[in-house]
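Participant:
Number of protein chains: 2
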Amino acid sequence: MKIDPKSSADLSAQIAKAIRDSIIAGDLIVDERLPSEAELAEQFDVSRSTVREALKRLAAQSLIRTQRGAFGGAFVNRLSYPDAYGQQITTSTLLLSMNSVSFDTACEARYALERACAPLSADRRSADHLATMRAEIFRQQQPGLTDEAFCASDVAFHRALVDGADNPVLSYQLAGAVEAMQPLMNMITFTARSREEIVALHTRIADAIEARDGAAASAGLSQLEHYTIELARSVMAKRASREAS
Amino acid sequence: MKIDPKSSADLSAQIAKAIRDSIIAGDLIVDERLPSEAELAEQFDVSRSTVREALKRLAAQSLIRTQRGAFGGAFVNRLSYPDAYGQQITTSTLLLSMNSVSFDTACEARYALERACAPLSADRRSADHLATMRAEIFRQQQPGLTDEAFCASDVAFHRALVDGADNPVLSYQLAGAVEAMQPLMNMITFTARSREEIVALHTRIADAIEARDGAAASAGLSQLEHYTIELARSVMAKRASREAS
DNA sequence: GACTTTTAAATGTCTGACAAATAAAAATTC
DNA sequence: GAATTTTTATTTGTCAGACATTTAAAAGTC
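Residue numbers (our numbering), protein chains in the order written: chain A, 91 to 335; chain B, 91 to 335.
Structure below.
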């Protein structure tokens, strides 16, 4: 763990990188305690404030956790699935909102990834996953449901489908697609969409998952993708014509 | 942007969250300048050090960038694809290395995701993507190639396949799968694997992509998955028997 | 007008201090 | 002797103030 004082980068960034590299390389293992801030300051020959800024950078990435008091300190954190989900969702949300990604591109990626889960989910889904999907479809049919609640239920339905594959790595990878892109899509299309149509497509997908028919589930997802893209096109066209007039 | 002084969380974490939420909500737009550290300190009624720690947290997530000097300051950063790739890869690497994910689980997720790209890549790949795949296959046949170089070439091959889908969102999502899981797999299997076998499978996949045959490309990836899993099983079995003796 | 110097503003870093939390160690009580 | 309470040492969290460094605009100079 050494730093280059004549580098252009901030000292705190260099120190954070050095510690991060040690964690990734396995030199610092999970739950291992880092030296105290004062000791790190001495080791790196910087002030305690600089060390603290470096540690905050690592904390922001959930790489370490800190504890106050005697025998406290900074500890290498086991990156949990929920933490990883959260980072995945934040990153995906920002990437989409800041880079003028076309609706079609986001939609295509999102459904391509979900179709990858469909065969596995059809094979391995538990009764519980199926029950969740059915329950969300039921919820989506309630007349008084707000748009926000419908969107949340939509996400929950797809989440159950993905989780049915019983592969936590896949669920993690899909978190960004489902939880970041689905709301984005809903935001664009919720004014125009037909809940009946979506419920019908969700039902078709759930039927396929129940029948353990992965191909049919994939086909249902493709139909949903097609419906969503067409809907978005019509919304865009309507907007364009309104602006023209 | 307000903070709760009686909350248990650190002030710097609360302030970071407040600013992060403003960025995600769109109250702070890309390239907008945040108030200076001194002004933020006054607004939040904390010291400048605390504000700085909050800003370092945001910088670690590439949400802001800072510039020194007059008319410098902290600016909302456009999250670029390379930045998002990097975070995706770091998070995926750590998640896998810290959570005792089984080889089969990681392998299944990785190939399921890549198969999702295969049909799109077969449809849309450019001559350039195909040429990259062929070049990497050629490189993989060179006798003097080190294991590290072979792994890197392996990643580059799959990267080209994914990028052939011409969907940056998909490429971003796959970054974790390809760049984090592939090296992990190589690390486990590189002692036992047959380069000839892998080159043959890569060639089959490239042929399918060249012929614009998505189904065949998917099938090739499935074969590669099967080969990889069997290889890992035999490596594990060999290890187990060696330990028993 | 082109170039140089000055200046003001902002981040980066350091020092020293105190508050708050926390677990071990010591003291006290029964 | 065991249980409880108090003390103590350690460590992070926060603050205040200072100076260094960078940077671009403004002022000055030729």
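Don't be surprised by glycine CBs; every beta carbon is placed ideally from N, CA and C.
Only a predicted model underlies this, so the values are computations on that prediction, with no experimental measurement involved.
Are the segment 142-153 of chain A and the segment 237-251 of chain A touching by the rule of at least three beta carbon pairs closer than 8 Å?
Facilitator: In short, these stretches do not touch, since the Cβ pair count stays below three.
Participant: In whole angstroms, give me the CA-to-CA distance for Phe165 of chain B and Ile105 of chain B.
Facilitator: For the purposes of this step, residue 165 of chain B is taken as the residue at position 75 of the second sequence. For the purposes of this step, residue 105 of chain B is taken as the residue at position 15 of the second sequence. Near 16 Å, if we compare the C-alpha coordinates of Ile105 of chain B and Phe165 of chain B.
Participant: Taking C-beta to C-beta, are Ile295 of chain A and Ala307 of chain A nearer than 8 Å?
Facilitator: Locating residue 295 of chain A in the first sequence gives position 205, counting from the first residue. Locating residue 307 of chain A in the first sequence gives position 217, counting from the first residue. Their beta carbons are under 8 Å apart, which means Ile295 of chain A touches Ala307 of chain A by this criterion.
Participant: Under 7 Å between beta-carbons, which chain B residues line up against Ser102 of chain A? List them in chain order, please.
Facilitator: Against the first sequence, residue 102 of chain A aligns to sequence position 12. Neighbours of Ser102 of chain A on chain B, chain order: Lys146.
Participant: Using the Cα positions of Thr180 of chain B and Ala270 of chain B, report the straight-line distance between them to the nearest angstrom.
Facilitator: Stepping through the second sequence from its first residue, residue 180 of chain B is reached at position 90. Stepping through the second sequence from its first residue, residue 270 of chain B is reached at position 180. Each residue's Cα considered, the two are about 8 Å apart.
Participant: Give me the Cα-Cα distance between Met188 of chain A and Asp256 of chain A, rounded to the nearest whole angstrom.
Facilitator: Within the first sequence, numbered from 1, the residue matching residue 188 of chain A stands at position 98. Within the first sequence, numbered from 1, the residue matching residue 256 of chain A stands at position 166. So the alpha carbons of these two residues sit roughly 32 Å apart.
Participant: According to DSSP, simplified to helix, strand and coil, what is Val141 of chain B?
Facilitator: Counting from one through the second sequence, the residue named residue 141 of chain B turns up at place 51. It is helical.
Participant: Whole-angstrom Cβ separation of Ile319 of chain A and Gly254 of chain A, contact assumed at under 8 Å?
Facilitator: Within the first sequence, numbered from 1, the residue matching residue 319 of chain A stands at position 229. Within the first sequence, numbered from 1, the residue matching residue 254 of chain A stands at position 164. Not confirmed; about 25 Å, so no contact.
Participant: Using the beta-carbon of each residue, which ones in chain A are nearer than 8 Å to Gly266 of chain B?
Facilitator: For the purposes of this step, residue 266 of chain B is taken as residue 176 along the second sequence, with counting starting at 1. Those are Gln263, listed as they occur along chain A.
Participant: For the beta strand (DSSP E) holding Ile154 of chain B, just list the boundary residues, first then last.
Facilitator: By 1-based counting over the second sequence, the position of residue 154 of chain B is 64. Element bounds for Ile154 of chain B: Ile154 to Gln157.
Participant: Of all the CB atoms in chain A, is at least one closer than 8 Å to the CB of Thr140 of chain B?
Facilitator: Within the second sequence, residue 140 of chain B is the residue found at index 50, counting from 1. Thr140 of chain B does not count as touching chain A.
Participant: What in chain A is Cβ-close to Ile114 of chain B, meaning under 9 Å?
Facilitator: The residue you call residue 114 of chain B lines up with position 24 of the second sequence. Ordered by position in chain A, the residues that pass the 9 Å Cβ test against Ile114 of chain B are Thr180, Thr183, Leu184 and Ser187.
Participant: Does the beta-carbon distance from Ile278 of chain B to Val325 of chain B come in below 8 Å?
Facilitator: Looking up residue 278 of chain B in the second sequence gives position 188. Looking up residue 325 of chain B in the second sequence gives position 235. The answer is yes: Cβ separation under 8 Å.
Participant: Taking the Cβ atom as the reference point for each residue, do Leu311 of chain B and Glu204 of chain B lie within a distance shorter than 8 Å?
Facilitator: Here residue 311 of chain B refers to the residue found at position 221 when the second sequence is read from its first residue. Here residue 204 of chain B refers to the residue found at position 114 when the second sequence is read from its first residue. For Leu311 of chain B and Glu204 of chain B, yes; Cβs fall inside 8 Å.
Participant: Check the C-beta distance from Ala336 of chain A over to Glu226 of chain A and give it rounded, since I have them as a contact under 8 Å.
Facilitator: Here chain A comprises residues numbered 91 to 335, so residue 336 of chain A is not present and cannot be evaluated.
Participant: Take the Cβ of Arg329 of chain B as the centre, count every other Cβ of all protein chains shown within 10 Å, and call the residue buried at 16 or more, exposed below.
Facilitator: In the second sequence, counting from the first residue as 1, residue 329 of chain B sits at position 239. Flag for Arg329 of chain B reads exposed.
Participant: When you compare only the Cα positions, how much space is there between Gln272 of chain A and Val245 of chain A?
Facilitator: In the first sequence, residue 272 of chain A corresponds to position 182, counting from 1. In the first sequence, residue 245 of chain A corresponds to position 155, counting from 1. About 7 Å.
Participant: Going by the CB atoms, is the gap between Gly163 of chain A and Leu124 of chain A shorter than 8 Å?
Facilitator: Residue 124 of chain A sits at position 34 when you count from the first residue of the first sequence. Residue 163 of chain A sits at position 73 when you count from the first residue of the first sequence. In contact: Leu124 of chain A and Gly163 of chain A (Cβ atoms closer than 8 Å).
Participant: For Arg168 of chain A, would you say it is in contact with chain B, using Cβ-to-Cβ distances shorter than 8 Å as the test?
Facilitator: Numbered from its first residue, the first sequence carries residue 168 of chain A at position 78. Yes, contact with chain B.
Participant: Listing by chain order, which chain A residues have their CB less than 7 Å from the CB of Ala206 of chain B?
Facilitator: Working through the second sequence from its first residue, we reach residue 206 of chain B at position 116. Within 7 Å Cβ-Cβ: Ala202, Leu203, Arg205 and Ala206.
Participant: Taking Ala199 of chain A and Ala265 of chain A to be in contact with their CB atoms under 8 Å, please state how far apart those CB atoms are, rounded to whole angstroms.
Facilitator: Locating residue 199 of chain A in the first sequence gives position 109, counting from the first residue. Locating residue 265 of chain A in the first sequence gives position 175, counting from the first residue. At roughly 14 Å, the Cβ-Cβ gap does not stay under 8 Å, so Ala199 of chain A and Ala265 of chain A are not in contact.
Participant: For chain A, is any of its Cβ atoms less than 8 Å away from the one on Ala150 of chain B?
Facilitator: Counted from its first residue, the second sequence places residue 150 of chain B at position 60. It does; some Cβ of chain A falls within 8 Å.
Participant: Please confirm whether any heavy atom of the ligand ADP lies closer than 7 Å to the CB of Met223 of chain B.
Facilitator: This structure does not include the ligand ADP; it has no bound ligands of any sort.
Participant: Leaving out five residues on either side along the sequence, give the residues of the same chain with a beta carbon under 8 Å from the beta carbon of Arg155 of chain B.
Facilitator: As a first step, residue 155 of chain B is located in the second sequence; it is residue number 65 there, counting from the start. Once the five neighbours on either side are set aside, the close Cβ partners of Arg155 of chain B are Ala149, Ala164, Phe165 and Asn167.
Participant: Within the same chain, show all residues whose beta-carbon is closer than 6 Å to that of Ala327 of chain B, passing over the 5 residues directly before and after it, in chain order.
Facilitator: In the second sequence, residue 327 of chain B corresponds to position 237, counting from 1. Nothing meets the Cβ criterion.
Participant: What did DSSP end up calling Arg123 of chain A once you bin it into helix, strand or coil?
Facilitator: The residue labelled residue 123 of chain A in the question sits at position 33 within the first sequence. Here Arg123 of chain A sits in strand by DSSP.
Participant: Let me check understanding here. Comparing Cα to Cα, which of B:Gln177, B:Ser126 and B:Leu186 lies closest to Arg158 of chain B?
Facilitator: As a first step, residue 158 of chain B is located in the second sequence; it is residue number 68 there, counting from the start. For the residues B:Gln177, B:Ser126 and B:Leu186, the minimum Cα distance to Arg158 of chain B belongs to B:Ser126.
Participant: Just to make sure I have the definition right: I need the residues of chain A whose C-beta is within less than 7 Å of the C-beta of Ala174 of chain B. Which are they?
Facilitator: Reading the second sequence from its first residue, position 84 is the one you call residue 174 of chain B. Neighbours of Ala174 of chain B on chain A, chain order: Thr181 and Leu185.
Participant: Alpha carbon to alpha carbon, how far is Gln177 of chain A from Leu169 of chain A? Give it in angstroms, no decimals.
Facilitator: One-based indexing of the first sequence puts residue 169 of chain A at position 79. One-based indexing of the first sequence puts residue 177 of chain A at position 87. Computed Cα separation, rounded: 11 Å.
Participant: Rounding to the nearest angstrom, what Cα-Cα distance links Leu206 of chain A and Arg332 of chain A in this structure?
Facilitator: Within the first sequence, residue 206 of chain A is the residue found at index 116, counting from 1. Within the first sequence, residue 332 of chain A is the residue found at index 242, counting from 1. Inspection of the sequence shows that residue 206 of chain A is occupied by Ala rather than by Leu. The alpha-carbon atoms of Ala206 of chain A and Arg332 of chain A are separated by roughly 38 Å.
Participant: Counting only C-beta atoms, is Thr195 of chain A closer than 8 Å to chain B at any point?
Facilitator: The sequence position of residue 195 of chain A within the first sequence is 105, counting from 1. Answer yes: the Cβ-Cβ gap between Thr195 of chain A and chain B drops below 8 Å somewhere.
Participant: Does the CB of Glu315 of chain A have a neighbour CB from chain B at under 8 Å?
Facilitator: For this step, residue 315 of chain A is matched to residue 225 along the first sequence. So no, Glu315 of chain A is outside the interface.
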